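The structure under discussion appears below in the form of structure tokens.
Number of protein chains: 2
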Amino acid sequence: MQVNIKKIAEMAGVSVSTVSKIMNNYNDVSEKTKQRVLEIIEQTGYSPSNSAKTLATKKSNLIGVIFAGELNVEITHPFFVEVLNSFKKQMGVLGYDLIFFSNEKFVSGGDYFSRCVHFHVDGCVIISGEKMEPAIRDLDMSSIPCIGVDLELKGKKSGYVMSDNYQIASKVVEHLYLLGHRELGFIGSTGDSDISNQREAGYIKAIESFGLSLNTDWFIHGDDFFEPSGYAAMRRLIEQGSLPKAVFAASDLLALGAIRALKEHGLRVPEDIAVVGCDDIEACKYTTPTLTTIRQNKERLGVLAAHMLFDLINNQSEGGSFVVEPALIVRESCGSGLRG
Amino acid sequence: MQVNIKKIAEMAGVSVSTVSKIMNNYNDVSEKTKQRVLEIIEQTGYSPSNSAKTLATKKSNLIGVIFAGELNVEITHPFFVEVLNSFKKQMGVLGYDLIFFSNEKFVSGGDYFSRCVHFHVDGCVIISGEKMEPAIRDLDMSSIPCIGVDLELKGKKSGYVMSDNYQIASKVVEHLYLLGHRELGFIGSTGDSDISNQREAGYIKAIESFGLSLNTDWFIHGDDFFEPSGYAAMRRLIEQGSLPKAVFAASDLLALGAIRALKEHGLRVPEDIAVVGCDDIEACKYTTPTLTTIRQNKERLGVLAAHMLFDLINNQSEGGSFVVEPALIVRESCGSGLRG
DNA sequence: GATTGGATCGAAACCGATTTCGAATGTTCT
DNA sequence: AGAACATTCGAAATCGGTTTCGATCCAATC
Numbered sequence: 001m002q003v004n005i006k007k008i009a010e011m012a013g014v015s016v017s018t019v020s021k022i023m024n025n026y027n028d029v030s031e032k033t034k035q036r037v038l039e040i041i042e043q044t045g046y047s048p049s050n051s052a053k054t055l056a057t058k059k060s061n062l063i064g065v066i067f068a069g070e071l072n073v074e075i076t077h078p079f080f081v082e083v084l085n086s087f088k089k090q091m092g093v094l095g096y097d098l099i100f101f102s103n104e105k106f107v108s109g110g111d112y113f114s115r116c117v118h119f120h121v122d123g124c125v126i127i128s129g130e131k132m133e134p135a136i137r138d139l140d141m142s143s144i145p146c147i148g149v150d151l152e153l154k155g156k157k158s159g160y161v162m163s164d165n166y167q168i169a170s171k172v173v174e175h176l177y178l179l180g181h182r183e184l185g186f187i188g189s190t191g192d193s194d195i196s197n198q199r200e201a202g203y204i205k206a207i208e209s210f211g212l213s214l215n216t217d218w219f220i221h222g223d224d225f226f227e228p229s230g231y232a233a234m235r236r237l238i239e240q241g242s243l244p245k246a247v248f249a250a251s252d253l254l255a256l257g258a259i260r261a262l263k264e265h266g267l268r269v270p271e272d273i274a275v276v277g278c279d280d281i282e283a284c285k286y287t288t289p290t291l292t293t294i295r296q297n298k299e300r301l302g303v304l305a306a307h308m309l310f311d312l313i314n315n316q317s318e319g320g321s322f323v324v325e326p327a328l329i330v331r332e333s334c335g336s337g338l339r340g
Numbered sequence: 341m342q343v344n345i346k347k348i349a350e351m352a353g354v355s356v357s358t359v360s361k362i363m364n365n366y367n368d369v370s371e372k373t374k375q376r377v378l379e380i381i382e383q384t385g386y387s388p389s390n391s392a393k394t395l396a397t398k399k400s401n402l403i404g405v406i407f408a409g410e411l412n413v414e415i416t417h418p419f420f421v422e423v424l425n426s427f428k429k430q431m432g433v434l435g436y437d438l439i440f441f442s443n444e445k446f447v448s449g450g451d452y453f454s455r456c457v458h459f460h461v462d463g464c465v466i467i468s469g470e471k472m473e474p475a476i477r478d479l480d481m482s483s484i485p486c487i488g489v490d491l492e493l494k495g496k497k498s499g500y501v502m503s504d505n506y507q508i509a510s511k512v513v514e515h516l517y518l519l520g521h522r523e524l525g526f527i528g529s530t531g532d533s534d535i536s537n538q539r540e541a542g543y544i545k546a547i548e549s550f551g552l553s554l555n556t557d558w559f560i561h562g563d564d565f566f567e568p569s570g571y572a573a574m575r576r577l578i579e580q581g582s583l584p585k586a587v588f589a590a591s592d593l594l595a596l597g598a599i600r601a602l603k604e605h606g607l608r609v610p611e612d613i614a615v616v617g618c619d620d621i622e623a624c625k626y627t628t629p630t631l632t633t634i635r636q637n638k639e640r641l642g643v644l645a646a647h648m649l650f651d652l653i654n655n656q657s658e659g660g661s662f663v664v665e666p667a668l669i670v671r672e673s674c675g676s677g678l679r680g
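Note that the protein sequences, when read in sequence, are chains A and B.
Note that the working numbering has the first sequence beginning at 1, numbered continuously upward.
Note that the working numbering has the second sequence beginning at 341, numbered continuously upward.
Below is the structure:
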């Protein structure tokens, strides 16, 4: 039995419409009544019902958050959660709250699109890094503004942000090259991951552009981006016989798994083999050796995603994409000195 | 211009009320018309507006998620985010979605309670681990069902889940004692954190019950639960002169920071000093030494929180609390063998 | 055949806001 | 004083659902 607009109107001795106008900054209400009403609103702590407001205006000030894909890219993923946190903050400043759709419901029917209209979300952010699924494509092609994080959306009301995966790979190769490494390997996620594939393609391109020879025996793939996959991949590489002098892993956790396998096999990192990760998650600083990696500007990705979505919602942009520049973070896992 | 209930009614040649009844499992509609309407709903992909539904029923099927406190306990915190993920999954099974309130809005007025009524949330989960703030107390005392995670709520419609901090401390002391350590130190968060205080109190109690002497010079506090605080705390301990043989840190990140400071000072872990963390975050497994710690059953905490909240919402419970049993995870940071 | 009762459906009020449009009042100008 | 205009306000329709209650129809009962 919460206070509603009617009660405020009664208390102030004005009509419901007048109260509504005051709440929405109309200018056809006198300063005197405005102050009186505002005072009562203040006292009662009145906050208009979002449902009623949404129903009347068809704007909910809600942004849907979708974790797409099947590689367990959940809210717990250290990279995405930091992007999301930055996104959430920025969206808050812009006046929006976030609603997380529980994936469980999809089992019992109801695709992403209909859930968006169900909640009248003004827009949504889709977090993935995998290949596009049909349900996501439907949403992308709808009239609902969407921003992909590490997912290339192409709809008229869509956009995306991601790091430049080609540049990432090229920075890694350059670093390894300058350290004297000529035999380079790669540990990726499953082939279903666009992100992993792009990093691999960029890596190959960079290797070739440096005039190095490519040994695809040293290119190996796990099932996802997590640590056990990296461990398993490196195990296979070791059992296979010949090892490269350096490997680039498509995620930090893959790199850490690989390092675990190497240590277990009595190999030293970086002395026997150098390892580079990707993402610069928090844990990189605490491992032994600390992990040389590529930092993606997660905060910037989140802020950019928020602003792009805001502009899309307010018809101030036609979508598009932002590619954020990555930075090489040199720690211990490749050795530090040049030609060291 | 989405399909609404009126359109469905027209297409099926029935009234709006009949459609509504079918959607809500009333039994005064014939099987024949029911099938006809359901078919049309299926074809059109109709999904009823949550706003309209909420407005009419005063139930939103939405759970508010609140990160309280000022210690940067954000969505990124590795412990809470895992509890939250489990909570989210379970809540999804129970038919609820999650809405995250953007803290930014609070700056410009509007407390937690009014935001909950604003969105008609059916209940909310409050994630903290700090002392209770007034705004949270208001919410706790309101008629809105609330569950605290690491926060002791006491309202009539409230409950909470947490790990048994006394038991945590006692398991740590027992472990250290059996390893032969008699000089025990502690690194906590700020005194504003109930969790840290409880762990400290339990630690002291356990030390006394083992008949060990207490040296409060070895008890030291940081500003929060994060790594730099642990580093700074250990630095102070080192500069202070005498060092304990083992320290218990109130979080894993504090422990990792402490280890960094020790290494930097040329001390070996665990040979010169043993370190125990708390939480068992993912990174514990990748550090050197790997971190002996206390595992809190995050998945169970989340599931319990979800069920308690559900029961509270549906008046099937009067609130209360669940305390989950912690488990000691022995890794390398204290040495592994007994008396080793 | 009249009555009862159950099954099936729809009209209408309602939830709490927004927004349009016209009415009433006050102000300025000729 | 009267006309023209600006200011201020409220009645009512609307958004998309839910829910109550009465109407209708048909079968069963007496």
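Even for Gly, the Cβ is constructed at its ideal location relative to N, Cα and C.
Source: prediction; values computed, not measured.
Nearest CA to the CA of residue i: which residue from the options?
i	options	result
B:ILE669	B:SER483, B:PHE650, B:THR633, B:VAL461	B:THR633
A:HIS120	B:GLU514, B:GLU639, B:LYS372, B:THR394	B:THR394
B:SER454	A:PHE101, A:TYR166, A:THR44	A:THR44
A:SER131	A:LEU151, A:TYR203, A:HIS118, A:CYS116	For the record, residue 131 of chain A in the displayed sequence is Lys; it is not Ser. Closest option to A:LYS131, Cα to Cα, is A:LEU151.
B:SER387	A:HIS118, A:GLY92, A:LYS89	A:HIS118
B:ILE348	B:ILE381, B:SER391, B:ALA667, B:VAL512	B:ILE381
A:CYS146	A:GLY123, A:ILE168, A:ASN25, A:GLU239	A:GLY123
B:HIS417	B:LYS638, B:ASN655, B:ASN364, B:GLU540	B:LYS638
A:LEU153	A:PRO326, A:PHE322, A:ARG331	A:PHE322
A:ALA255	A:PRO228, A:TYR112, A:TYR166, A:LEU176	A:PRO228
B:ASN364	B:SER442, B:ILE415, B:VAL377	B:VAL377
B:GLU523	B:GLY617, B:LEU652, B:SER553, B:GLU350	B:SER553
Quick one: list the residues of chain B neighbouring residue i, beta-carbon separation under 7 Å, in chain order.
i	result
A:GLY45	SER454
A:ARG54	First, the amino acid is wrong: residue 54 of chain A is Thr here, not Arg. Chain B residues near A:THR54: SER391.
With a threshold of 8 Å between beta-carbons, can residue i be considered close to chain B, or not?
i	result
A:ASP140	no
A:LEU254	no
A:LYS88	yes
Please compile the residues from chain A whose C-beta is within a distance smaller than 9 Å of the C-beta of residue i.
i	result
B:ALA645	Result: empty, since nearest Cβ-Cβ is about 15 Å, beyond 9 Å.
State yes or no: is the beta carbon of residue i nearer than 8 Å to at least one beta carbon in chain A?
i	result
B:HIS561	no
B:MET363	no
B:GLU422	yes
B:GLY463	no
Taking C-beta pairs closer than 8 Å, name the residues in chain A that residue i reaches, listed in chain order.
i	result
B:ASN425	GLU74, ILE75, THR76
B:MET431	SER102
Give me the chain B residues within the contact set of residue i, using Cβ-Cβ distance strictly less than 8 Å, ordered along the chain.
i	result
A:HIS265	Going along chain B, no residue has its Cβ under 8 Å from A:HIS265, so there is no contact; the nearest lies around 17 Å.
A:HIS118	SER387, PRO388, SER389, ASN390
A:LEU98	ILE439, PHE440, SER442
Hey, would you say residue i sits closer than 8 Å to residue j, going by beta carbons?
i	j	result
B:GLY675	B:PRO610	yes
A:THR290	A:SER333	yes
B:ILE439	A:ILE168	no
A:LEU304	A:VAL125	no
B:SER533	B:GLY469	yes
B:ASP592	B:ASP564	no
B:ALA681	B:ILE527	Residue 681 of chain B is absent from the structure shown; chain B starts at 341 and stops at 680.
A:VAL14	A:LYS6	no
B:LEU641	B:VAL433	no
Members of the stretch 341 to 355 of chain B near chain A, C-beta cut-off 8 Å: Per Cβ criterion, the list reads GLN342.
Interface residues of the stretch 563 to 580 of chain B facing chain A [CB-CB below 8 Å]: So the list reads GLU567, given in the order they occur along the chain.
Residues from the stretch 616 to 628 of chain B in contact with chain A, defined by Cβ distance under 8 Å: Listed in sequence order: GLU622, ALA623, LYS625, TYR626, THR627, THR628.
Contacting positions in the stretch 180 to 212 of chain A - beta carbon closer than 8 Å to chain B: Here the close residues number zero.
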